[in-house]
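Participant:
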Amino acid sequence: MPRPRPTTALLLLPSALLLTACAGTSSAGTSVGGAGGGTDGKGSLTLNVGDQRGGSEAVLRAAGELDDLHYKIRWSTFTSGPPLLEAINAKAVDLGAVGNTPPVFAAGAGSKISVVAASHGGAAGDTILVPDDSPLKKPQDLKGKSVAVAQGSSAHFQLIASLRKAGLDFRDVKVKYLQPADALAAFTSGKVDAWAVWDPYTSQVLRSDKGRVLTDGDGVVNGLAFQAAAPGALADKKKAAAISDYLKRLRRAQDWVYKHPQAWAKVWAKDTGLPYDVALDAVKRTNGTRVPVAVDKNVVRSEQEIADTFTELKLIPRRIDFGDYVDTRFNGGLPPSTTEPRTYRKES
Numbered sequence: 013m014p015r016p017r018p019t020t021a022l023l024l025l026p027s028a029l030l031l032t033a034c035a036g037t038s039s040a041g042t043s044v045g046g047a048g049g050g051t052d053g054k055g056s057l058t059l060n061v062g063d064q065r066g067g068s069e070a071v072l073r074a075a076g077e078l079d080d081l082h083y084k085i086r087w088s089t090f091t092s093g094p095p096l097l098e099a100i101n102a103k104a105v106d107l108g109a110v111g112n113t114p115p116v117f118a119a120g121a122g123s124k125i126s127v128v129a130a131s132h133g134g135a136a137g138d139t140i141l142v143p144d145d146s147p148l149k150k151p152q153d154l155k156g157k158s159v160a161v162a163q164g165s166s167a168h169f170q171l172i173a174s175l176r177k178a179g180l181d182f183r184d185v186k187v188k189y190l191q192p193a194d195a196l197a198a199f200t201s202g203k204v205d206a207w208a209v210w211d212p213y214t215s216q217v218l219r220s221d222k223g224r225v226l227t228d229g230d231g232v233v234n235g236l237a238f239q240a241a242a243p244g245a246l247a248d249k250k251k252a253a254a255i256s257d258y259l260k261r262l263r264r265a266q267d268w269v270y271k272h273p274q275a276w277a278k279v280w281a282k283d284t285g286l287p288y289d290v291a292l293d294a295v296k297r298t299n300g301t302r303v304p305v306a307v308d309k310n311v312v313r314s315e316q317e318i319a320d321t322f323t324e325l326k327l328i329p330r331r332i333d334f335g336d337y338v339d340t341r342f343n344g345g346l347p348p349s350t351t352e353p354r355t356y357r358k359e360s
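Under the numbering used here, the letters of the sequence shown match residues 13 to 360, in that order.
#1: Quick check: what's the CA-CA separation for Leu81 versus Thr214?
#2: Smallest Cα separation from Ile85: which of Gly55, Gly137, Asp293, Ser92?
#3: Could you check which residue in Ala75, Gln64, Ala102 has the C-alpha nearest to that of Trp87?
#4: In whole angstroms, what is the alpha-carbon distance linking Ser290 and Glu324?
#5: Pull up the distance between the alpha-carbon of Ser166 and that of Lys249, whole angstroms please.
#6: For Leu107, which residues of its own chain have a beta-carbon under 8 Å away from its beta-carbon, when the five flanking residues on both sides are left out?
#7: In the DSSP assignment, find the unbroken alpha helix (DSSP H) run with Arg297 in it and report its ends.
#8: If you draw a straight line from the alpha carbon of Lys203 to that of Val159, how long is it in whole angstroms?
#9: In three-state terms, what does DSSP make of Ile85?
#10: So what does DSSP say about Ala198, is it helix, strand or coil?
#11: Does the segment 107-121 come close enough to the segment 182-189 that 3 or more CB-CB pairs lie under 8 Å?
#12: Could you check the C-alpha separation between Asp138 and Ala247 for me, to the nearest Å?
#13: Is it right to say Asp181 is buried, meaning 16 or more other beta carbons lie within 10 angstroms of its own, or is it exposed?
#14: Who are Gln239's beta bridge partners in DSSP?
#15: Since I believe Ala162 is in contact with Ala371 (beta carbons under 8 Å), could you give me their beta-carbon distance rounded to a whole number of angstroms?
#16: Ordered along the chain, which non-local residues of its own chain (more than five positions away) have a Cβ less than 6 Å from that of Thr340?
#17: Taking DSSP's pairing of strands, which residues face Lys186 in a bridge?
#18: Taking Asp52 as part of the alpha helix (DSSP H), name the residues at either end of that continuous run.
#19: Pick out the complete alpha helix (DSSP H) segments inside the segment 201-258, 4 residues or longer, and give them in chain order.
#20: For Ala130 versus Ala265, is the C-beta distance shorter than 9 Å?
#21: Output needed for Ala136: all residues of its chain with C-beta closer than 6 Å, excluding positions within five of it in sequence on either side, in chain order.
#22: On the three-state DSSP scale, how would you describe Asn343?
#23: If you follow the beta strand (DSSP E) that Leu141 is in, where does it begin and where does it stop?
#24: Distance check for Asn112 and Ala208, CA to CA, integer angstroms please.
#25: Indicate the three-state DSSP secondary structure (helix, strand or coil) for Asp283 in the structure shown.
#26: Is Gln152 buried or exposed, if buried means 16 or more other CB atoms sit within 10 Å of its CB?
#27: To the nearest angstrom, how far is the alpha carbon of Phe334 from that of Ala319?
#28: Out of Lys222, Thr321, Lys282, Thr301, which has the shortest C-alpha to C-alpha gap to Lys358?
#29: Quick one: what's got a C-beta closer than 6 Å to Ala178's C-beta in the same chain, skipping five residues either side?
#30: So, at 7 Å on beta carbons, what are the nonlocal neighbours of Gln170 in its own chain, with the 5 sequence-adjacent residues on each side left out?
#31: When we look at the beta-carbon of Gly344 and count the other beta-carbons within 10 Å, is it buried (16 or more) or exposed?
#32: Report yes if the C-beta distance between Val311 and Ser349 is below 9 Å; otherwise report no.
#33: In this structure, how does DSSP classify Lys358 when only helix, strand and coil are distinguished?
#34: DSSP three-state label for Gly93, please.
#35: Identify, in the order they occur along the chain, each residue of the same chain with its Cβ nearer than 6 Å to the Cβ of Val217, setting aside the five sequence neighbours on each side.
This is the structure we're talking about:
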């Protein structure tokens, strides 16, 4: 999750703030922290949770959901979803939040992960941005142009889906695989024609008057984000019980965000270094729209489409059955995945 203000401030994003789609929302990147980056709770059991700056820990703390833990949470901080899933596969982390695309790449690589929870949000913050003075006016104009995107991120699939909707093929553009900090520098210096990215990068670029939206993910991508867990942790009864409790707390915290968007934007801004107005814009577009939903057949079908698309393009090495990477035991009482995202509300 990025930040500073106009012009030159755009080039000063803290590297620790590179996040997924998140809350998910995900992207490729490297870990900026290891296990032992802070512990909450009490008791003999420790749940190792992977997180991103301004992510699950921040929202749980803001909502008061870390006040009465009967187990410990040891937080590890990562820049994005892919390295977090690598840590889950390596059994260094029990659980963590990622976007809709990293689990597909992890599964394609044969990683041992299980998707245990989902949320559905708006996709207006998932965008393809172009500079304000760009001659590009519609997605079809991207043909032959250079586009920056983080490989394996939710933006990666959003770019593919947006091109297909415009009647173009992924091979019709010159893809530049860049992590967000490098992509931002390339975008603002004119080294690429467009940038496929997610919030809060979208909100920051728009607030800085350095770019505009060529197209966004509404009606193009599924708007899903996930909690993924290590199969070994799920096989441990005590850890599985702690994971169940953790997911319930996270759902309550997401409800708190919806009811207190401005309060959350202040917390998020402080935790990440985002300017408050950028944080609030991102809450309105994306972060505050999330609804916890069941990991059901619709989720599996939608993610299978993403997996098959990447397989077809030979961007993952083998076809996977996404259903093999899902654990539905924590679905109880949740609405189906077809539930509409929330819309922004002002606090009274």
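Where a beta carbon is used, it is the ideal one built from N, C-alpha and C, also for glycine. Here the structure is a predicted model, which means the values were calculated and not measured.
Facilitator: So, from the data block:
#1: 35 Å
#2: For Ile85, the closest of Gly55, Gly137, Asp293, Ser92 by C-alpha to C-alpha distance is Gly55.
#3: Out of Ala75, Gln64, Ala102, the CA that lies nearest to the CA of Trp87 is found in Gln64.
#4: In the sequence on display, residue 290 carries Val and not Ser. Cα to Cα, the separation comes out at about 37 Å.
#5: 32 Å
#6: Leu59, Asn60, Val61, Gly62, Ile100, Val128, Gln239, Ala240, Ala241, Ala242, Ala245, Ile255, Tyr258
#7: 288-297
#8: Annotation: Lys203 to Val159 spans about 10 Å, alpha carbon to alpha carbon.
#9: strand
#10: Look at Ala198 here: in three-state DSSP terms it is helix.
#11: The segment 182-189, when compared against the segment 107-121, does not touch it at the 8 Å Cβ threshold.
#12: If I take the Cα positions, the gap works out to 35 Å.
#13: exposed
#14: Ala109, Ala129
#15: The chain is shown from 13 up to 360; residue 371 falls before or after that span and cannot be answered.
#16: Excluding five sequence positions before and after Thr340, the CB atoms of its chain that fall closer than 6 Å to its own CB belong to Val307, given in chain order.
#17: Ser158
#18: Per DSSP, Asp52 belongs to no alpha helix (DSSP H); it is in the beta strand (DSSP E), 51-53.
#19: 213-219, 243-247
#20: no
#21: Asp228, Asp230, Arg297
#22: coil
#23: 139-143
#24: If you draw a straight line from the Cα of Ala208 to the Cα of Asn112, it comes to about 15 Å.
#25: helix
#26: exposed
#27: 8 Å
#28: Comparing alpha carbon positions, the residue from Lys222, Thr321, Lys282, Thr301 closest to Lys358 is Thr301.
#29: Beyond the five residues adjoining it in sequence on each side, Ala178 comes within less than 6 Å, by CB distance, of Pro151, Gln152 in the same chain, given in chain order.
#30: Asp138, Ala208, Gly229, Val232, Val233
#31: exposed
#32: Judged by their CB atoms, Val311 and Ser349 are nearer to each other than the 9 Å cut-off.
#33: Three-state DSSP puts Lys358 in coil, outside helix and strand.
#34: helix
#35: Leu141, Gly223
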